[in-house]
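Here the protein sequences line up with chains A and B, keeping their order.
When the letters of the first sequence are read in order and numbered with the numbering used here, they come out as residues 377 to 707.
When the letters of the second sequence are read in order and numbered with the numbering used here, they come out as residues 377 to 707.
Don't be surprised by glycine CBs; every beta carbon is placed ideally from N, CA and C.
These notes concern the structure reproduced below.
There are 2 protein chains.
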Amino acid sequence: MEKIKVLVVGYGNVGRGVLLSLANQADMEVVGIASRSVERVKKSVKDIPVVDINKPEEFLALKPDVAILCGGSKNDLPQQGPEMVKYLNTVDSFDNHSCIPQYHAAMDAAAKAAKHVAVISTGWDPGIFSLERTLANAFLPGARSYGFYGCSPAGGLSMGHSDALRTIKGVADARQFTHAVPEAIEKVRNGENPEFAAGDMHTRECFVVLEPGADAAAIEAEIKAMPGYFAPYKTTVNFVSQEELNSKYTGFPHDGCVVAASTTGKGNQAAVEFRCTWGSNPEATANVLVAHARAAVRMNKAGDCGAKTILDIPPKMLSPLSYEELLKKFM
Amino acid sequence: MEKIKVLVVGYGNVGRGVLLSLANQADMEVVGIASRSVERVKKSVKDIPVVDINKPEEFLALKPDVAILCGGSKNDLPQQGPEMVKYLNTVDSFDNHSCIPQYHAAMDAAAKAAKHVAVISTGWDPGIFSLERTLANAFLPGARSYGFYGCSPAGGLSMGHSDALRTIKGVADARQFTHAVPEAIEKVRNGENPEFAAGDMHTRECFVVLEPGADAAAIEAEIKAMPGYFAPYKTTVNFVSQEELNSKYTGFPHDGCVVAASTTGKGNQAAVEFRCTWGSNPEATANVLVAHARAAVRMNKAGDCGAKTILDIPPKMLSPLSYEELLKKFM
Chain A
377 MEKIKVLVVG
387 YGNVGRGVLL
397 SLANQADMEV
407 VGIASRSVER
417 VKKSVKDIPV
427 VDINKPEEFL
437 ALKPDVAILC
447 GGSKNDLPQQ
457 GPEMVKYLNT
467 VDSFDNHSCI
477 PQYHAAMDAA
487 AKAAKHVAVI
497 STGWDPGIFS
507 LERTLANAFL
517 PGARSYGFYG
527 CSPAGGLSMG
537 HSDALRTIKG
547 VADARQFTHA
557 VPEAIEKVRN
567 GENPEFAAGD
577 MHTRECFVVL
587 EPGADAAAIE
597 AEIKAMPGYF
607 APYKTTVNFV
617 SQEELNSKYT
627 GFPHDGCVVA
637 ASTTGKGNQA
647 AVEFRCTWGS
657 NPEATANVLV
667 AHARAAVRMN
677 KAGDCGAKTI
687 LDIPPKMLSP
697 LSYEELLKKF
707 M
Chain B
377 MEKIKVLVVG
387 YGNVGRGVLL
397 SLANQADMEV
407 VGIASRSVER
417 VKKSVKDIPV
427 VDINKPEEFL
437 ALKPDVAILC
447 GGSKNDLPQQ
457 GPEMVKYLNT
467 VDSFDNHSCI
477 PQYHAAMDAA
487 AKAAKHVAVI
497 STGWDPGIFS
507 LERTLANAFL
517 PGARSYGFYG
527 CSPAGGLSMG
537 HSDALRTIKG
547 VADARQFTHA
557 VPEAIEKVRN
567 GENPEFAAGD
577 MHTRECFVVL
587 EPGADAAAIE
597 AEIKAMPGYF
607 APYKTTVNFV
617 SQEELNSKYT
627 GFPHDGCVVA
637 ASTTGKGNQA
647 AVEFRCTWGS
657 NPEATANVLV
667 AHARAAVRMN
677 KAGDCGAKTI
687 LDIPPKMLSP
697 LSYEELLKKF
707 M
């Protein structure tokens with residue numbers, strides 16, 4: 377069996393997760409890393425070719441079947457996606473939900489022109505959660521799907537909110553954990569299909585390291601008043617030392633669930649729930665991206681092209697197993 | 377928009393559930409019921425044509441796009457499936473897991489010869505659970521998927537085990553509820569990927585109505601010794617009156633979960649879990665069948681034919697929403 381050859385584009389947390397994930401796939405292999413900072417990446421990576429993302433002749437010489445784009449949705453993917461799909465099948469985790477239709481349109485045009493497949497916006501949300509929302513709606517007409525994040529006792533680390541805390545004057549470092557409100561989840565499970573404000577579903581817990589001489593009370597007040605990020609939520613602020621932050625609140629844990637409930641037929645209660653818990657959010661995203669890279673190559677080989685989401689993909693395409701094995705083991 | 381026209385084959389619990397489900401679908405309508413017992417069904421159904429399942433000219437005159445086969449896996453579907461797909465696209469819930477590969481082969485040959493789509497073995501298990509097992513394996517290499525049934529406090533009603541109890545001499549009526557062992561679920565969630573015997577995962581709770589003069593102790597011993605059904609499990613037997621059985625243990629509640637856990641990348645814990653809770657097991661199966669009938673018609677119209685499982689179907693095909701709506705609402 378010829379292995380699927382993968383170009384990893386970007387060497388951040390997700391890119392490193394993709395490399396680790398590919399090492400676990402018998403049917404796939406990494407052929408190179410494309411980066412804007414070739415020299416910097418070469419310092420960390422010794423056994424994989426590192427090439428310039430702006431030199432297609434360099435990365436095409438590695439003969440990849442697919443590029444996994446590990447850049448961010450704000451600054452990288454809107455330009456990088458349509459450019460890369462000219463040359464290769466692509467997979468990305470574009471996660472700016474409200475912009476997905478526009479991104480899909482841009483990627484679809486570029487992918488069709490190049491006769492490539494571009495799997496967009498996959499990971500766990502958007503991605504697995506999008507699939508679960510679609511299935512819940514198809515199987516339980518009338519049920520609304522609700523997404524909760526940080527359902528585990530530890531909660532889920534929000535990178536965006538942690539970054540927001542670090543912009544505040546007097547804050548040396550910070551991490552923010554999101555917690556789902558258990559009573560809100562119960563309401564959904566019970567089929568109430570409630571109307572929630574954002575603050576009804578989640579609370580926010582901040583661990584903040586102050587700079588010397590900073591005014592703790594003023595900073596706490598500033599955090600709690602930040603529009604969008606913290607003002608709509610019940611927010612707690614804990615001041616900790618850098619050592620405590622580094623030892624107790626490290627890593628990228630995250631988790632969440634999709635819950636939907638309604639009734640069937642004669643009014644019988646019906647509820648579905650998907651839950652995932654990740655010790656490492658970027659590694660989880662990486663695993664999902666890798667399975668979709670397999671599907672992208674298979675779909676393109678079967679003659680398909682254009683932008684695809686998880687909603688377009690026959691699930692068997694994601695699996696390393698043969699269809700015969702799937703029928704036997706998982707049906 | 378032209379509605380998808382559905383022939384409902386069989387008028388048992390699932391068939392009645394399909395009729396109720398179709399009433400909730402804006403894009404689908406029932407055109408008739410096909411049955412072996414036309415006169416009996418006509419007594420219950422006044423507003424829908426009832427036709428003879430053995431007279432294709434009768435059911436084809438109703439111009440259905442798809443037949444939802446609501447018969448059982450043991451006595452109905454092995455004959456009925458390959459016969460019906462000669463005339464129509466079909467959907468069924470064939471649930472004899474170990475025979476799915478053979479059933480798939482028989483349906484695939486018949487469906488391809490007739491250029492129809494046959495969606496087989498769908499419902500919640502096989503069906504949704506098959507999909508979740510496949511996704512868990514694709515996204516978490518190394519994780520084993522475990523299915524638990526009766527995770528809710530009430531447990532899940534097992535029709536097969538209830539039937540087995542009723543075959544015992546001296547038993548007037550009975551219902552059997554399956555319970556998942558919570559500690560077993562926790563082991564899987566923790567990533568132990570344990571080896572379980574059947575009795576480690578589930579317990580069985582029986583509610584039995586005795587015939588007058590029956591020997592309760594002897595019957596309890598006979599139940600607990602039944603090979604396959606009860607002997608491998610911790611089984612409790614409760615003797616109740618017919619009135620208590622009818623009032624407290626009525627309906628067809630069932631629930632279950634698929635749990636898989638492993639690690640990502642550098643050894644970080646990762647777990648996924650899908651859970652569903654149904655007030656009515658046959659109505660839940662019916663809802664899933666109806667969504668797959670939509671997909672069967674769409675796939676056939678797009679030129680596809682042959683036997684399909686949920687693993688072959690792009691999820692968007694199951695949804696009543698347009699792709700644009702799906703991108704906007706569920707991605």
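Between the Cα of residue 671(A) and the Cα atoms of 495(A), 447(A) and 483(A), which residue gives the shortest distance?
On the first sequence, position 295 is the one that residue 671(A) refers to. Per the Cα distances, 495(A).
Taking the CB atoms as reference points, tell me whether residue 646(A) and residue 639(A) lie closer together than 7 angstroms.
Here the question's residue 646(A) lines up with position 270 in the first sequence. Here the question's residue 639(A) lines up with position 263 in the first sequence. Yes, the Cβ-Cβ distance between residue 646(A) and residue 639(A) is below 7 angstroms.
Taking C-beta to C-beta, are residue 413(B) and residue 662(B) nearer than 7 angstroms?
In the second sequence, counting from the first residue as 1, residue 413(B) sits at position 37. In the second sequence, counting from the first residue as 1, residue 662(B) sits at position 286. Taking the C-beta atoms as reference points, residue 662(B) is found no nearer than 7 angstroms to residue 413(B).
Unbroken stretches of the beta strand (DSSP E), 3 residues or longer, contained in the region 463-546 of chain B
Runs of the beta strand (DSSP E) lying entirely within the region 463-546 of chain B and spanning at least 3 residues, in chain order: 465-468, 493-495, 521-525 and 532-534.
I'd like to know if residue 558(B) contacts chain A, where contact means its C-beta is closer than 7 angstroms to some C-beta of that chain.
Here the question's residue 558(B) lines up with position 182 in the second sequence. By this cut-off, residue 558(B) is not an interface position.
For residue 444(A), which three-state DSSP category applies?
Here residue 444(A) corresponds to residue number 68 of the first sequence, with the count starting at 1. In the structure shown, the three-state DSSP call for residue 444(A) is strand.
Report the partner residues of residue 632(B) according to the DSSP bridge assignment.
Taking the second sequence and counting its residues from 1, the one referred to as residue 632(B) is at position 256. 525(B) and 652(B), per the DSSP bridge assignment.
For residue 580(B), the residue or residues it bridges with in DSSP:
The sequence position of residue 580(B) within the second sequence is 204, counting from 1. Partner(s): 554(B) and 611(B).
Strictly below 7 angstroms CB to CB, what residues from chain A border residue 704(B)?
Translated into the one-based positions of the second sequence, residue 704(B) becomes position 328. By Cβ distance, chain A contributes 477.
For residue 377(B), which residues of its own chain have a beta-carbon under 7 angstroms away from its beta-carbon, when the five flanking residues on both sides are left out?
Stepping through the second sequence from its first residue, residue 377(B) is reached at position 1. Non-local C-beta neighbours of residue 377(B) in its own chain, meaning closer than 7 angstroms and more than five positions away in sequence, comprise 403, ordered along the chain.
State the start and end residues of the unbroken beta strand (DSSP E) segment that holds residue 684(B).
Position 308 of the second sequence, counted from the start, is the residue given in the question as residue 684(B). Counting along the chain, residue 684(B) sits inside the beta strand (DSSP E) bounded by residues 682-684.
Please classify residue 623(A) as buried or exposed, where buried requires at least 16 other C-beta atoms within 10 Å of its C-beta.
What you label residue 623(A) is simply residue 247 of the first sequence in a count that begins at 1. So residue 623(A) counts as exposed.
Touching by the beta-carbon criterion (3+ pairs, under 8 angstroms), the region 547-558 of chain B and the region 584-596 of chain B:
Touching, per the Cβ criterion.
Using Cβ-Cβ distances below 7 angstroms, what residues of the region 529-547 of chain A are close to chain E?
In the displayed structure, chain E is absent; the protein chains listed are A and B.
CB of residue 440(A) within 7 angstroms of CB of residue 493(A), strictly
Translated into the one-based positions of the first sequence, residue 440(A) becomes position 64. Translated into the one-based positions of the first sequence, residue 493(A) becomes position 117. Contact flag unset, no.
Where does residue 650(A) land, buried or exposed, given buried means 16+ other C-beta within 10 angstroms?
Counted from its first residue, the first sequence places residue 650(A) at position 274. Counting every other CB atom within 10 Å of its CB across the protein chains shown gives residue 650(A) a total of 16 or more, marking it as buried.
Pull up the DSSP beta-bridge partners for residue 418(A), would you.
If you number the first sequence from 1, residue 418(A) lands on position 42. Residue pairing from DSSP leaves residue 418(A) without any beta-bridge partner.
List, in order along the chain, the chain B residues whose C-beta lies closer than 8 angstroms to that of residue 404(A)?
One-based indexing of the first sequence puts residue 404(A) at position 28. Ordered by position in chain B, no residue passes the 8 angstroms Cβ test against residue 404(A), which lies about 11 angstroms from the chain.
Please say whether residue 384(B) and residue 444(B) have beta carbons closer to each other than 7 angstroms?
Counting from 1 along the second sequence, the entry for residue 444(B) is found at position 68. Counting from 1 along the second sequence, the entry for residue 384(B) is found at position 8. Yes. Within cutoff.
DSSP state of residue 381(A) mapped onto helix, strand, coil:
Residue 381(A) sits at position 5 when you count from the first residue of the first sequence. DSSP places residue 381(A) in strand when its eight states are reduced to three.
Would you call residue 591(A) buried or exposed, if buried means 16 or more other Cβ atoms sit within 10 Å of its Cβ?
Your numbering for residue 591(A) matches position 215 in the first sequence. Counting other Cβ atoms within 10 Å of its Cβ, residue 591(A) stays below 16 and is therefore classed as exposed.
With a threshold of 7 angstroms between beta carbons, is residue 648(B) in contact with chain A?
Within the second sequence, residue 648(B) is the residue found at index 272, counting from 1. Interface with chain A (7 angstroms Cβ-Cβ cutoff): residue 648(B) is included.
So, is residue 594(B) buried or exposed, given that buried needs 16 or more other C-beta atoms within 10 angstroms?
Position 218 of the second sequence holds residue 594(B). That one is exposed.
For residue 669(A) and residue 690(A), what's the separation of their Cα atoms in angstroms?
To locate residue 669(A), count along the first sequence from 1; it is residue 293. To locate residue 690(A), count along the first sequence from 1; it is residue 314. The alpha-carbon separation between residue 669(A) and residue 690(A) amounts to approximately 13 angstroms.
Count the other C-beta atoms from every protein chain shown that fall within 10 angstroms of the C-beta of residue 617(A), then say buried if there are 16 or more, exposed otherwise.
Mapped onto the first sequence, residue 617(A) falls at position 241. Flag for residue 617(A) reads exposed.
Should residue 787(B) go down as buried or exposed, given a rule of 16 or more other Cβ atoms within 10 Å for buried?
Within the shown structure, residues of chain B are numbered from 377 to 707, placing residue 787(B) beyond reach of any answer.
If you measure between the beta carbons of residue 449(B) and residue 471(B), is that distance less than 7 angstroms?
Mapped onto the second sequence, residue 449(B) falls at position 73. Mapped onto the second sequence, residue 471(B) falls at position 95. Yes, the pair counts as a contact, with Cβ atoms nearer than the cut-off.
Return the bridge partner residues of residue 409(B) from the DSSP annotation.
Position 33 of the second sequence holds residue 409(B). DSSP lists 384(B) and 426(B) as partners of residue 409(B).
Counting only Cβ pairs nearer than 9 angstroms, list the residues of chain A close to residue 397(B).
Looking up residue 397(B) in the second sequence gives position 21. Close partners of residue 397(B) in chain A (Cβ separation under 9 angstroms): 517, 640 and 641.
Can a CB atom of chain B be found closer than 7 angstroms to the CB of residue 661(A)?
Residue mapping note: residue 661(A) aligns to position 285 of the first sequence, counting from 1. No, residue 661(A) lies away from the interface with chain B (no Cβ there is under 7 angstroms from its Cβ).
I think residue 393(A) touches residue 659(A), with their Cβ atoms under 8 angstroms apart; what is that distance to the nearest whole Å?
By one-based count along the first sequence, residue 393(A) stands at place 17. By one-based count along the first sequence, residue 659(A) stands at place 283. Approximately 4 angstroms separates the beta-carbon atoms of residue 393(A) and residue 659(A); this is inside 8 angstroms, confirming the contact.
C-alpha distance - residue 674(A) paired with residue 512(B), whole-angstrom precision:
Taking the first residue of the first sequence as 1, we reach residue 674(A) at position 298. Taking the first residue of the second sequence as 1, we reach residue 512(B) at position 136. Those two C-alpha atoms are separated by around 19 angstroms.
Output the distance between the C-alpha atoms of residue 634(B) and residue 515(B), rounded to the nearest integer angstrom.
Translated into the one-based positions of the second sequence, residue 634(B) becomes position 258. Translated into the one-based positions of the second sequence, residue 515(B) becomes position 139. Each residue's alpha carbon lies about 14 angstroms from the other.
7 angstroms CB neighbourhood of residue 577(B) in its chain, flanking five on each side removed
Residue 577(B) sits at position 201 when you count from the first residue of the second sequence. Cβ neighbours of residue 577(B) within its own chain (closer than 7 angstroms, five residues either side excluded): 524, 556, 557 and 560.
Opening and closing residue of the alpha helix (DSSP H) in which residue 699(B) lies:
Residue 699(B) sits at position 323 when you count from the first residue of the second sequence. First-last of the alpha helix (DSSP H) with residue 699(B): 699-705.
Best match in 457(B), 534(B), 431(B) and 410(B) for proximity to residue 630(B) [C-alpha to C-alpha]:
Position 254 of the second sequence, counted from the first residue, corresponds to residue 630(B). Cα-wise, what sits closest to residue 630(B) is 534(B).
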